[in-house]
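Counted from 1, the sequence shown has number 72 at position 72 by the UniProt record's numbering; the numbering is strictly sequential. C-beta: ideal position from N, C-alpha, C; glycine also. Only a predicted model underlies this, so the values are computations on that prediction, with no experimental measurement involved.
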Amino acid sequence: MELGRWVNEVKEVWKVSFVDLGLVILACAIGFAVPGMLVQRVGSPLAIAAFWAVALPVMAWLTGAVHLQCFRNAETGKSTSFGDASQEAFERWDDVVLGVVFYGLMLSVAGALVLPGVVAGGVLLPYVVIVMVEKQGPIDALRRNIELAQGRWVALVVYWLMYYAALVVGLSALGVATVVATTLGLFAGPAVGGMMALVAVVAGVGAFFLAPLPVVAAVATYRMIADNTDAVASEPAGGAVASAGRASASTAPQAVPSQAALGAGMERMAAAAPVAVEGADEDFVESAPRSSGVVEDGIEVDLEGFDDDGVFEVERSGLAGDSVFDDEDEATSEAAPGFKKASRADEGPYW
1 MELGRWVNEV
11 KEVWKVSFVD
21 LGLVILACAI
31 GFAVPGMLVQ
41 RVGSPLAIAA
51 FWAVALPVMA
61 WLTGAVHLQC
71 FRNAETGKST
81 SFGDASQEAF
91 ERWDDVVLGV
101 VFYGLMLSVA
111 GALVLPGVVA
121 GGVLLPYVVI
131 VMVEKQGPID
141 ALRRNIELAQ
151 GRWVALVVYW
161 LMYYAALVVG
171 LSALGVATVV
181 ATTLGLFAGP
191 AVGGMMALVA
201 VVAGVGAFFL
211 APLPVVAAVA
221 TYRMIADNTD
231 AVASEPAGGA
241 VASAGRASAS
251 TAPQAVPSQA
261 ALGAGMERMA
271 AAAPVAVEGA
281 DEDFVESAPR
291 SSGVVEDGIE
301 VDLEGFDDDG
311 VFEVERSGLA
321 GDSVFDDEDE
331 ATSEAAPGFK
341 KASRADEGPY
351 W
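Here it is, written out as structure tokens:
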């Protein structure tokens, strides 16, 4: 299940993103709360409908942008621009808005049945991140989500339950602190005003830290399961390519010289002319076959080093030394008049 790895992933993502996400979520909360209260005071059904018609797509767009920014923070290990993330989300306005709204509808329908809601919450945890990071439409993102969830249904549900429990406990503590602060402010005297202000500040800071948790959990889950899925998918492909390469190398036809090509090469070797060496004595003769490529039946044959028992005589007269053979067929080097004996690295058999 890799629960410990998921917890560490959440910590890493939260550490690099909670300030950015907290500021964005706080700004969005204030930006929607003020117009919402004004519309509520008006009390007109038409005004309320108009407000939500505008607010819902904008909230969906900002939700997608926040997920994208959190993912980029986690990938780079530092704070990234929310403006760039929101601009990219705006360029894909239809997919982003429809994807986030579709996500909310799926959770709402499943949540009405309680247990399916828990399963849907876990399985769909990385859905919005898929929409933003992989630039998928609502339906394609759902297919990709199901692909990533294969074999991890229980783990995803456990991840969702853990983050949801932490969120509920934290919000409950903040709610209790808020109620206590409000009660003290209404029924207590000025002496407890300082304590009430302290409780309010603690509640605000707690909300600032807890608000990014759903986004952080979604990004951490996506990063972990996407890496695992891609790694597993790449291993068979790599093995298949390597196997195919080995098979092709082992089964490739080898070029074999034909008998006609070999015969032609032997004739060329027999007819080879002596090699003249400029500046050598007249007695210096080196008769050796000239190796050359012979093309026969479309196959080039390299005849260098080909031994057909042909004539190969080297007489080194007047050079640094004479090569002679003794009774034991070993080569020695004797100095010629006027020349210093050349040193040899070894005195072995002459091959």
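For L3, the closest C-alpha among the options L171, V180, Y163, L213 is that of Y163. By the Cβ neighbour-count rule, L46 is exposed, with fewer than 16 other Cβ atoms within 10 Å of its own. Each of L38, A27, L68 was checked against the Cα of V215, and the nearest Cα belongs to L68. The stretch 149–169 and the stretch 127–137 do not touch, with fewer than 3 CB-CB distances between them shorter than 8 Å.
Counting along the chain, the unbroken alpha helix (DSSP H) around K11 starts and ends at 3–42. Taking R72 as the centre and dropping the five residues before and after it, the same chain places the C-beta of T80 closer than 6 Å to its C-beta, in chain order.
For S79, the three-state secondary structure derived from DSSP is coil.
For R92, there is no enclosing alpha helix (DSSP H), as DSSP gives it neither H nor E. Contact between G99 and L107 does not hold, since their C-beta atoms are separated by about 13 Å, which reaches or exceeds 8 Å. Annotated three-state conformation of L148 is helix, per DSSP. Just measuring C-alpha positions, the residue of V180, N8, V169, R143 sitting nearest A74 is N8. If you compare the alpha carbons of T183, A155, V180 with that of I225, the shortest gap goes to A155.
Rounded to whole angstroms, D84 and F90 show a C-alpha spacing of 10 Å. In this structure, the straight-line span from the alpha carbon of G206 to that of E147 is close to 36 Å. Runs of beta strand (DSSP E) with 3 or more residues, each lying fully within the stretch 45–81, are absent. In this structure R152 is buried. Its beta-carbon is surrounded by 16 or more other beta-carbon atoms within 10 angstroms. Straight-line spacing of the CA atoms in R5 and V42 works out to 50 Å. In its own chain, leaving out the 5 sequence neighbours on each side, no residue places its CB closer than 6 Å to the CB of G104.
Bounds of the alpha helix (DSSP H) holding V128 are 127–133. Less than 8 Å separates the beta-carbon of V119 from that of V157.
The alpha-carbon of F18 is positioned some 7 Å away from that of F209. With a cutoff of 8 Å on beta-carbon distance, A218 and I25 are scored as not near each other.
Q136 and W52 have their alpha carbons spaced roughly 26 Å apart.
In this structure, A220 lies away from V66, with their beta-carbon atoms at least 8 Å apart.
Comparing alpha carbon positions, the residue from I139, Y222, G31 closest to Y159 is Y222. With contacts defined as CB atoms closer than 8 Å, K78 and V169 fail to qualify as a contacting pair. Cβ contact annotation for V97 (same chain, cutoff 7 Å, sequence separation greater than five): P57, A60, W61, in chain order.
The alpha-carbon of R92 is positioned some 30 Å away from that of M37. Exposure of T76 is indicated by the presence of fewer than 16 other C-beta atoms within 10 angstroms of its C-beta. G137: not part of any alpha helix (DSSP H); DSSP gives it neither H nor E. Here P138 is buried. Its C-beta has 16 or more other C-beta atoms within 10 Å.
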